[in-house]
Amino acid sequence: MATRTMKRPAAKTTPAKTVDDYIAAAPKDKRSALTRLRRTIKAAAPKATESISYGIVGFKQNGKPLLYFGYAKAHCALYGSFGAYAAELKAYDLRKGTIRFPPDKPPPDRLVTKIVKARIAEVEKAAKR
Numbered sequence: 006m007a008t009r010t011m012k013r014p015a016a017k018t019t020p021a022k023t024v025d026d027y028i029a030a031a032p033k034d035k036r037s038a039l040t041r042l043r044r045t046i047k048a049a050a051p052k053a054t055e056s057i058s059y060g061i062v063g064f065k066q067n068g069k070p071l072l073y074f075g076y077a078k079a080h081c082a083l084y085g086s087f088g089a090y091a092a093e094l095k096a097y098d099l100r101k102g103t104i105r106f107p108p109d110k111p112p113p114d115r116l117v118t119k120i121v122k123a124r125i126a127e128v129e130k131a132a133k134r
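Quick note: to get this note's numbering, add 5 to the position in the sequence shown (first position is 1).
This is the structure we're talking about:
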């Protein structure tokens with residue numbers, strides 16, 4: 006009589022409830038890049054609120070999305086609207102609305118700041134309509 010072996014279900018991880026929890030739960034090699042992105046975005050958008058949205062870190066200005074960032078197994082990513090910066094981002098894996106990068110080579114702070122400030126201007130312009 007053959008015995009049946011049952012596979013155990015994958016361990017469930019509890020989704021992060023705060024940005025601090027999200028970064029703390031990230032693999033060690035990605036934490037520095039995520040912390041740097043967070044600091045840069047907060048400096049460029051001091052009035053923005055941060056939260057966990059769609060399972061990643063999101064920033065909103067006046068209730069409207071600015072940018073998101075997160076990580077995957079092999080990379081970190083910044084999510085938003087980057088078409089105007091394609092030339093400056095050519096060193097990265099740029100896809101529609103996503104910049105993928107190795108954790109040890111995040112986009113320069115000055116470029117992230119420029120992108121954030123442009124998004125703030127777009128949000129404020131749309132609010133005035």
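All residues carry an ideal CB built from backbone N, CA and C; glycine is no exception.
Keep in mind it's a predicted model, so treat the numbers as computed, not measured.
Taking the alpha-carbon positions, what's the residue i to residue j distance?
| i | j | result |
| --- | --- | --- |
| K110 | R134 | 38 Å |
| V117 | Y73 | 12 Å |
| A31 | R43 | 14 Å |
| R36 | G60 | 16 Å |
Taking the continuous beta strand (DSSP E) assigned at residue i, which residues delimit it?
| i | result |
| --- | --- |
| D98 | D98 to R100 |
| K52 | Careful: K52 lies outside any beta strand (DSSP E) and carries neither H nor E. |
| Y84 | C81 to Y84 |
| P111 | Note, P111: premise wrong, no beta strand (DSSP E); not H, not E. |
| K65 | I61 to Q66 |
| Y76 | K69 to Y76 |
Determine the extent of the alpha helix (DSSP H) in which residue i is found, giving its start and end residues.
| i | result |
| --- | --- |
| K119 | D114 to K133 |
| Y27 | V24 to A30 |
Using a 10 Å radius around the Cβ and a threshold of 16 neighbouring Cβ atoms, would you call residue i buried or exposed?
| i | result |
| --- | --- |
| G63 | buried |
| E55 | buried |
| P113 | exposed |
| R124 | buried |
| T23 | exposed |
| A50 | buried |
| T45 | buried |
Opposite residue i in the DSSP bridges: which residues?
| i | result |
| --- | --- |
| E104 | The residue asked about is misnamed: residue 104 is Ile in this sequence, not Glu. Partner(s): L83 and L99. |
| I46 | BP columns for I46 are empty, so no partner. |
Worksheet item: Given 8 Å as the limit, is there contact between the segment 100 to 107 and the segment 82 to 91, that is, 3 or more CB pairs closer than that?
Response: yes
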